[in-house]
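So for the sequence shown, our numbering puts the first residue at 14; every next one is plus one. Every residue gets a Cβ at the ideal spot worked out from N, C-alpha and C, and that includes glycine. Just so we're clear, the structure is a prediction, and the values are computed from it rather than from any experiment. Here the structure is laid out as structure tokens; the discussion comes afterwards.
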Amino acid sequence: FINIHYSILPNFRGLHSTVWAILNDEKFLGYTVHLMNEFIDDGPIFYQYRIKNDKVSTSTYYIEHFNSHVSKNIYSVISSISKGEIKLKEQDKTKASWVGKRNVEDCLIKSEFTIEYIRLMFRALVPPYPRPYIIYDGNKIEIKKFKIHTQIHYFPIHLMPYYKSLGWQKGDFPIVEKYYEECMSIH
14 FINIHYSILP NFRGLHSTVW AILNDEKFLG YTVHLMNEFI DDGPIFYQYR IKNDKVSTST
74 YYIEHFNSHV SKNIYSVISS ISKGEIKLKE QDKTKASWVG KRNVEDCLIK SEFTIEYIRL
134 MFRALVPPYP RPYIIYDGNK IEIKKFKIHT QIHYFPIHLM PYYKSLGWQK GDFPIVEKYY
194 EECMSIH
């Protein structure tokens, strides 16, 4: 049997591999046509397709792109396999990684996440997957649209031009400055 797996094997064997690849900020995304064996996404490789991660597109975009590419190219790949024109390539099992099914709890935006990781979440977690969400007053709020700005709601007043002219300078209020560097607003 032949399987089409939406990752560049041996990386991201398992479920929701395109989502995991985006969350991992991989340089390339793609799919693999491989011979099935008794293990998950482990068999020798017939064909791989890869494209550069544009750092903007969503998991849905990539999956639809791969679906289109598969439908246009799978016949020629299978034909080449049957004619012996494509040789099997064993996977480098020392480089293998596995991913599991994503759970709804994996979509919770946590305060310790970096802004960059939150951006990756909004690219990866789009329909048909559950969207990112926050908990506010005990309620789960799914975020359907997003725009992330940093440090828009708080700027240390002592660093504004007027107060700097009075002699205040960076380092005078280290706790305030540390907060300013770490705070985040989601709109």
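Per DSSP, reduced to three states, the secondary structure at E195 is helical. The region 129 to 144 and the region 108 to 121 touch, with three or more beta-carbon pairs separated by less than 8 Å. Runs of the beta strand (DSSP E) spanning 3 or more residues and lying entirely within the region 55 to 82 occur at 58 to 65, in chain order. Pairing F186 with H171 gives a Cβ-Cβ distance under 9 Å. When rounded, the separation of the alpha-carbon atoms in Y175 and E195 is 24 Å. One thing to note: L28 has its Cβ no nearer than 9 Å to the Cβ of F59. Annotation for I131: no beta strand (DSSP E) segment contains it, though the alpha helix (DSSP H) segment containing it runs I128 to A137. Counting every other CB atom within 10 Å of its CB across the protein chains shown gives F25 a total of 16 or more, marking it as buried.
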